[in-house]
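Data block below; observations after.
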Amino acid sequence: MGFDEVYRRSIEQSERFWAEAARGIEWDVEPAQVRADGRWFADGWLNTCHNALDRHVAAGRGEQAALVYDSPVTGVKRTYTYRELLDEVARTAGMLAGLGVGRGDTVVIYMPMVPEAVVAMLACARLGAVHSVVFGGFAAPELAVRIDHARPKVVLSASCGIEPSRLVEYKPLLDAALRQAGHRPGHCVILQRPQCRAELEPGRDLDWAEALSTAEPTGCVSVRATDPLYVLYTSGTTGLPKGVVRDNGGHAVALYWSMSAVYGVAPGEVFWAASDVGWVVGHSYIVYAPLLAGCTTILYEGKPVGTPDPGAFWRVVAEHGVRVLFTAPTAIRAIKKEDPAGEWAAKPDLSGLRHLFLAGERLDPDTYHWATGLLGIPVIDHWWQTETGWPIAANCVGIEQLPLKPGSPTKPVPGYDVRILDSAGADCPPGTEGAVAIRLPLPPGCLPTLYKDDQRFTESYLTRYPGHYLTGDGGYIDADGYLYVMGRIDDVINVAGHRLSTGAMEEVVAAHPDVAECAVIGVDDPLKGQLPMGFVVLKAGADRDPADLERELVTMIRDRIGPVAAFRRALVVTRLPKTRSGKILRATMRDIAAGRPYRTPSTIEDPAALQEITDAL
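Our numbering applies: residue 4 is where the sequence shown begins, and numbers increase by one.
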């Protein structure tokens, strides 16, 4: 069947569609009902770790590479076969069980990009425990909030993380968080890295290697499909993080299905999601999906540039035989900034790379065209959220590769009934912008609720448009059914009564040959209500007079969008404030521009970038 037919079946016969997909998973008790009481596979029982490891070893994949650890910041490379990874996970699960962790208990994982982080996640899944990964290096107050909310029985951490220019000691941050938190975990297990050894508190803290040395391997604990696999905290408008819950059954079915259908990856092939296990991409496409599908996954402890050069990604692709690479547009823009001519990509053999998937930020057409010209392969924009756990819209190359349209993540993925709604909740006609919503029910794998807060879940996502999930993004669907996501709803500005997308303006600014990356925000104006303001980072080697560049960008916006945009200011900066996952902190930039007090987000990559925005203004 072609894509349109598969999509139609997923919407019109959703239970039959997902019942067939569920056959790709091994169940301890197969679900008799596909959907009941608002949940997927509610009467089924399974274990996610079994599906990711044990069943592949039993099927003869034991000697196949499961996890490749590549760490340019330490110079260490190591490959784990499925059998070796299973042994590590089973012993680590035994260690946790010896500390009293069982089905339904929570474990906070506060670790860098090391194999033990992946092992820890799978070990929790093996026991039926709920893991909550907190991005390594998060500030102590933010870590304390998550510890108090998740109330872990055990915290797993490491002595340090390693950035290109500095070493981050985790243990002092963890100690400070535990002093601030009201909840007290029974134990903290610390992985001692050779670059920095941590001081352990007697009675509470355990050395990872010592605790593991006496642990006995343990088997898989069967859990209900609706039991939580993990809680992942994401930012909320109130400043209090939202705990996104992922269940076991729907998650396993959706991620297993997505690897072949969306990404076109077969068992035994190498898949690399260049992200971090602290983010949803790391959960879904470093750890769970590739292993559920019997692939080899890459765990990369490094950056797209600076570890050591802008050829780092291409070296990993060539050296490990990566077939599909998934990263953020900001990573490609960083590479383009340092190597605009793409000279570093010409050195290694990239002939085995079939597709480059990008998500996390809007993929501007200029970056799309640069990457396409550089690699000569399909560059596929796709769009999803922490809440959904897997793609909402994508070019599903495993079903049928559709024509690409720059600026669009193609069509909604099977299972997602995406609608564009106006302020009254009515469907918008093709080409008309509105709120991007998903008609309920959400497909398997999406969040069923927020951790310990059903009311906030309903108020945040389900109340604005009854019968729909509110994504919080604005956009439109064209006459061909292609979705265009223009940015968060609050990134739509009102200029003299005209509602304009700052995302559309960013596309124009990013197309300038000297611009590496950019952000456009709305600032208050007493006459027009709001005016757009651009911030641009120049490509390496571009020596431009800021006033001349500003005039050129103003002309481009006027030509492409029109005088109504009233775009008059473009400030040159050396960097944009971003989260560690690469998202530009536009809301914080708006607060700075408006002179409002703001709180430095815990996820920020470089706090000094905010000061540069302040100075530029």
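Even for Gly, the Cβ is constructed at its ideal location relative to N, Cα and C.
Alpha carbon of residue i to alpha carbon of residue j, nearest angstrom
i, j, result
"T241", "S463", "Model confidence at T241 stands at a pLDDT of 49, short of 50, so the residue's coordinates are unreliable; what they give is reported in the following sentence. Taking the straight line joining both Cα atoms gives about 11 angstroms."
"Y419", "R442", "8 angstroms"
"Q458", "L424", "23 angstroms"
"L102", "A147", "21 angstroms"
"L56", "L232", "16 angstroms"
"A499", "P535", "12 angstroms"
"A111", "T229", "This sequence places Val at residue 111; Ala is not what is there. The straight-line gap from Cα to Cα measures roughly 20 angstroms."
"R602", "M592", "11 angstroms"
"A100", "V158", "13 angstroms"
"R318", "Q67", "22 angstroms"
"M114", "S160", "5 angstroms"
"H134", "M124", "6 angstroms"
"G565", "T558", "9 angstroms"
"T435", "I480", "7 angstroms"
"G309", "A45", "47 angstroms"
"K350", "D546", "27 angstroms"
"P604", "L541", "25 angstroms"
"R249", "R572", "43 angstroms"
"L194", "W275", "25 angstroms"
"A180", "L209", "17 angstroms"
"R26", "K414", "25 angstroms"
"A257", "E172", "37 angstroms"
"T333", "E364", "7 angstroms"
"E202", "G139", "18 angstroms"
"M4", "A296", "22 angstroms"
"I31", "P293", "The sequence given here places Asp at residue 31; Ile does not occur at that position. D31 and P293: Cα-Cα distance of roughly 21 angstroms."
"D108", "C127", "9 angstroms"
"K174", "A513", "41 angstroms"
"S504", "Y85", "47 angstroms"
"E145", "V122", "24 angstroms"
"A362", "K156", "34 angstroms"
"A277", "D367", "19 angstroms"
"R149", "A184", "9 angstroms"
Cβ separation of residue i and residue j, assumed to be a contact under 8 angstroms, to the nearest whole Å
i, j, result
"S411", "D384", "7 angstroms"
"W48", "R187", "The pair is not a contact, with the Cβ atoms about 33 angstroms apart (cut-off 8 angstroms)."
"F6", "L405", "6 angstroms"
"L445", "Y472", "6 angstroms"
Range of the contiguous beta strand (DSSP E) that encloses residue i
i, result
"H471", "471-480"
"H2", "Absent from the structure is residue 2, since the part of the chain shown begins at 4 and ends at 620."
"P535", "532-541"
"A68", "68-74"
"I423", "420-424"
"C127", "No beta strand (DSSP E) contains C127, which is instead part of the alpha helix (DSSP H) from 118-130."
"V439", "437-442"
"Y303", "299-303"
"A276", "273-276"
CB of residue i within 7 angstroms of CB of residue j, strictly
i, j, result
"R196", "C163", "yes"
"V71", "I301", "yes"
"A507", "L579", "no"
"A255", "T51", "yes"
"E346", "A543", "no"
"V439", "G478", "yes"
"W387", "S584", "no"
"V273", "G324", "yes"
"T375", "R336", "no"
"S287", "G222", "no"
"L130", "V104", "yes"
"G401", "G267", "yes"
"M3", "E304", "Only positions 4 to 620 of the chain appear in this structure, which leaves residue 3 out of reach."
"A397", "V192", "no"
"V136", "V247", "no"
"V539", "V518", "yes"
"D606", "T582", "The amino acid at residue 606 is misidentified as Asp; the sequence shows Thr. In contact: T606 and T582 (Cβ atoms closer than 7 angstroms)."
"R554", "V511", "no"
Contact test: residue i Cβ vs the ligand GDP heavy atom, cutoff 6 angstroms
i, result
"N50", "In the structure shown, the ligand GDP is absent, as is every other ligand, since no ligand is present at all."
Where the alpha helix (DSSP H) containing residue i begins and where it ends
i, result
"S263", "251-264"
"Y2", "Only positions 4 to 620 of the chain appear in this structure, which leaves residue 2 out of reach."
Quick check on the DSSP output: what are the complete beta strand (DSSP E) runs of length 3 or more inside the stretch 150-229, in order along the chain? The qualifying runs are 157-161, 163-165, 170-172, 190-194, 208-210.
Tell me the start and end of each unbroken beta strand (DSSP E) in the stretch 572-596 that is at least 3 residues and wholly inside, in chain order. Here the runs fully enclosed are 572-575.
Please specify which runs of the beta strand (DSSP E), each continuous and at least 3 residues long, are wholly inside the stretch 307-370, giving them in chain order. With a minimum length of 3 residues, the continuous beta strand (DSSP E) runs that stay inside the stretch 307-370 are 325-330, 358-361.
Would you mind listing the beta strand (DSSP E) stretches within the stretch 365-406 that are 3+ residues and don't spill past its ends, in chain order? The stretch 365-406 contains these whole beta strand (DSSP E) runs: 382-384.
Complete beta strand (DSSP E) runs within the stretch 494-524 (minimum length 3 residues, chain order): Segments of the beta strand (DSSP E) lying fully in the stretch 494-524: 495-498, 501-504.
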